[in-house]
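The opening position of the sequence shown corresponds to residue 123 in our numbering, with each subsequent residue numbered one higher.
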Amino acid sequence: MVLLHPEYALTGNEDPQSIFDRYKERAERGLERGTFEGVYEAYTGMQTVLWLAGRQGKEAPEGARELLEQAEAQVWTTK
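Shown next, in the form of structure tokens:
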């Protein structure tokens, strides 16, 4: 199951790199805050970017997988 970020009303045609560029700072700040909301925001944002890249047969933007892995490591232990 993929959890997509609710901010994006996606058609599937959006450019994954442009969404990653817009979202990267928010994801990093969310992970730094360490709150559930911040980590969840980072997790769903990076899931969205990877989903779009896969759907379009493109490579994931550099750094997207790493941010997702960081969020996955924190999402289940954050309160």
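Idealized CB from N, CA, C, for every residue including glycine.
Only residues of its own chain outside the window of five on either side were considered, and among them L153, V161, A164, Y165, M168 have a CB closer than 7 Å to the CB of A193, listed in chain order. Annotation for A175: P138, A182 place their beta carbon closer than 6 Å to its own, counting only its chain and skipping 5 residues before and after.
Between F142 and A195, the CB-CB gap reaches or exceeds 8 Å. The continuous alpha helix (DSSP H) containing G160 extends over residues 158 to 178. The C-alpha of E150 is placed about 22 Å away from the C-alpha of E136.
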